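Worksheet for the structure shown next.
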Amino acid sequence: MKDYDAVMIVEGVQEPESPVEYLEAIAHLIKTGMAWALQGFFGRSCAQYIEAGYISKDGEVLIDEETIWNLFDA
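Here this note's numbering is used: the first residue of the sequence shown is 40, the next is one more, and so on.
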């Protein structure tokens with residue numbers, strides 16, 4: 040995923056193709072360090088996914104696709 044696409048998806052400007060793509064965008068921002076360099080909203084949002092155990096501090100998605108879909112369908 041490109042940096043620009045990840046930022047636009049997380050900010051809500053660009054619609055993700057699926058909940059999986061949204062979580063991948065969050066993971067990308069964490070993995071690249073952009074989550075902590077952009078405005079506070081990004082860091083706070085990414086930190087919530089780390090604290091919930093969905094994404095590692097290194098930016099790896101820790102849950103499977105079925106669980107991701109269930110999270111966003113709730």
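C-beta atoms are modelled at their ideal positions from N, C-alpha and C, and glycine is treated no differently.
Everything numeric in this text was worked out from a predicted model, so none of it was measured.
Inset, instruction - Would you check if the segment 62–70 and the segment 82–97 touch, i.e. whether three or more CB-CB distances between them fall below 8 angstroms? - result: yes
Legend entry - Outcome for V52 when other beta-carbon atoms lying within 10 angstroms are tallied against a minimum of 16: exposed
Inset, instruction - Consult DSSP for V49 and reduce its assignment to one of helix, strand or coil. - result: helix
Legend entry - For I107, three-class secondary structure by DSSP: helix
Legend entry - Simplified DSSP assignment, three categories, for I69: helix
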